[in-house]
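Going by UniProt numbering, the sequence shown opens with residue 1, and the numbers climb by one from there.
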Amino acid sequence: MRRIELGVFMPVGTNGFLMSTTAPQYHPSFALQRKIATLAEEIGFDFLFSMGKWMGFGGESGFWQKTIEPVVMSSALASITSRIKLFATINPLLLHPVVAAKMIATADEISNGRFGINIVTGNTLEELEQMGVVPQDYGTIRYDYADEWLTVVKQLWSQERCNHSGRFFQLSNCVCDPKPIQRPYPTIVSAGLSDEGLQFAARHSDYQFVGARPEKVLEVKAVAAARGRTVKASGNMLIVQGDTDEQALKRFNHIVAGRDEAAFSNLIESFERDQRDSSADRTSFLRNPRMVGFGTGAPLIGSAITIAEKLADIIVTADFDAMQLTFIDFVEDLRSFGQEIYPRLKSSLATYGVSLGEGPASVIKAGAHA
Ligand SMILES: Cc1cc2nc3c(=O)[nH]c(=O)nc-3n(C[C@H](O)[C@H](O)[C@H](O)COP(=O)(O)O)c2cc1C
1 MRRIELGVFM
11 PVGTNGFLMS
21 TTAPQYHPSF
31 ALQRKIATLA
41 EEIGFDFLFS
51 MGKWMGFGGE
61 SGFWQKTIEP
71 VVMSSALASI
81 TSRIKLFATI
91 NPLLLHPVVA
101 AKMIATADEI
111 SNGRFGINIV
121 TGNTLEELEQ
131 MGVVPQDYGT
141 IRYDYADEWL
151 TVVKQLWSQE
161 RCNHSGRFFQ
171 LSNCVCDPKP
181 IQRPYPTIVS
191 AGLSDEGLQF
201 AARHSDYQFV
211 GARPEKVLEV
221 KAVAAARGRT
231 VKASGNMLIV
241 QGDTDEQALK
251 RFNHIVAGRD
261 EAAFSNLIES
271 FERDQRDSSA
281 DRTSFLRNPR
291 MVGFGTGAPL
301 IGSAITIAEK
311 LADIIVTADF
321 DAMQLTFIDF
331 VEDLRSFGQE
341 IYPRLKSSLA
351 TYGVSLGEGP
361 ASVIKAGAHA
């Protein structure tokens, strides 16, 4: 039976992924992430996924005003969980490959082989420009840079010594010890939608995160297959659950009514400064007046029965291998998801011959790692 993995897209920034004054207003804290991680593991989720973000986009809701660092946060979560996998986003521009290789190897030990990375080349250039780290022509070399960075990191993980003389990095007889527990490497995800992004995934990644773009899934797989590799595809969706379909829609409409237009404009403006085809793609998504955030994934609105059926249908129709979910209230909605949607989703997927994890029992079986 084909197995689908379910994840939580962790709310590591102010207000999670919602840009609305009528959505819950909060800053990310470790206490919140810990609560979500524990709950997600109990329910039977397979992974927790954290983005990398370095600035906010203002507005009345103060969208992403505060963001916590994903490698540190995920490592801390690793020590209080026992089964769930953890993915932390890294932009190669911001970490020397030797430092990154050792940090991830360390996190892999803390997690007993449950750590993974999501490689990004930067969402809005502004957040990298504020640090003064953007190389000239970054627009055209970003994937070359990421490619060389990851090639070096992989060598550090798999070889006793790394000698590398490249365009961006020079390493001589360089050592990374300890190695990660996962051999040959921890799981690698990348996120991007361009041809270059898909080619990068085909060369390096186990998964490509395509966000709210189900039509990209088959392309990701085809590009990888042309290189003789298998790359799985993951997406994201916003779960808006109510007791009935009508109540769920009312809940969603309430969030739409509080859309933080200033935050939306700031984000669109920031994307427009980065002249990539995928930026135009994303700004058109943001211009949709029914969108309530960024990074939410497409909203899935309804009762538990409706959501379970629709989610199963979307996963199967698009051929997703993994789906990471966002919520309006990451604690209460996640709890309801576990009680009311997860079992139904499992049954709905089974009718297509697709399986989910074992659920809570597998947590008990695995126990705490030594
Ligand atoms: C689903 C998705 C998630 C992403 N997550 C992040 C992120 O957390 N941090 C970041 O800086 N960039 C992120 N990016 C930006 C990409 O890594 C990439 O730099 C951007 O999409 C431009 O490349 P592209 O033209 O290949 O899409 C994400 C992109 C996508 C499509």
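Glycine is no exception: its CB is placed at the ideal position from the N, C-alpha and C atoms.
By DSSP's criteria, residue i is part of a beta bridge. Which residues make up the other side?
i           : result
Leu300      : Ile239
Phe327      : Ile239
residue 383 : A question about residue 383 goes unanswered here, because the residues of the chain that appear run from 1 up to 370.
Gln208      : Ser190, Ala233
Ser265      : Answer by DSSP bridge pairing: none, since Ser265 is not bridged.
Gly116      : Phe87, Thr187
Phe49       : Phe9, Phe87
His164      : Leu171
Thr38       : Per DSSP, none; premise fails for Thr38.
Ser82       : According to DSSP, which records beta bridges pairwise, Ser82 is partnered with nothing at all.
Lys67       : The residue you asked about is not Lys; residue 67 is Thr in the sequence shown. Partner(s): Gly13.
Val354      : Arg2
Cβ of residue i within 7 angstroms of Cβ of residue j?
i           : j      : result
Asp245      : Thr21  : no
Ser74       : Ala88  : yes
Ile84       : Glu41  : yes
Gly122      : Asn91  : yes
Asn288      : Val189 : no
Ala308      : Ile341 : yes
Leu95       : Leu86  : no
Val217      : Phe320 : yes
residue 387 : Ser336 : There is no way to answer for residue 387, as the model of the chain reaches only from 1 to 370.
Phe294      : Ile36  : no
Cys174      : Lys102 : no
Helix, strand or coil for residue i, going by three-state DSSP, please let me know.
i           : result
residue 379 : Residue numbering for the chain in the displayed model covers 1 to 370; residue 379 lies beyond these limits and cannot be assessed.
Gln130      : coil
Arg259      : strand
Thr125      : What sits at residue 125 in the sequence shown is Leu, not Thr. Leu125 falls in the helix class under three-state DSSP.
Met10       : coil
Ser336      : helix
His369      : Unreliable placement is indicated for His369, whose pLDDT of 34 sits below 50; no coordinate value is reported for it.
Gln199      : helix
Asn253      : helix
Met19       : coil
Val98       : helix
Ala361      : With a pLDDT of 47 at Ala361, under the threshold of 50, the modelled position of that residue is not reliable, and no figure is offered here.
Gly293      : strand
Ser29       : coil
Thr244      : coil
Ile314      : helix
Phe57       : coil
Taking Cβ positions only, does residue i come closer than 7 angstroms to chain D?
i      : result
Ile341 : Here chain D cannot be found, since the structure has a single protein chain.
Quick one: measure Cβ to Cβ for residue i and residue j, integer angstroms, because I've assumed they're closer than 8 angstroms.
i      : j      : result
Pro180 : Trp157 : 6 angstroms
Gly16  : Thr326 : 6 angstroms
Ile328 : Pro24  : 7 angstroms
Val133 : Leu198 : Contact flag wrong, Cβ pair sits at about 25 angstroms.
Phe264 : Leu238 : With a Cβ gap of about 16 angstroms, Phe264 and Leu238 do not count as contacting.
Val240 : Ile4   : Not quite, the Cβ-Cβ distance comes to about 21 angstroms (not below 8 angstroms), so this is no contact.
Leu356 : Leu18  : Not confirmed; about 26 angstroms, so no contact.
Ala202 : Val231 : 6 angstroms
Phe209 : Ser234 : 5 angstroms
Gly56  : Val120 : Contact doesn't hold; Cβ gap of about 17 angstroms is too wide.
Asp274 : Thr124 : 6 angstroms
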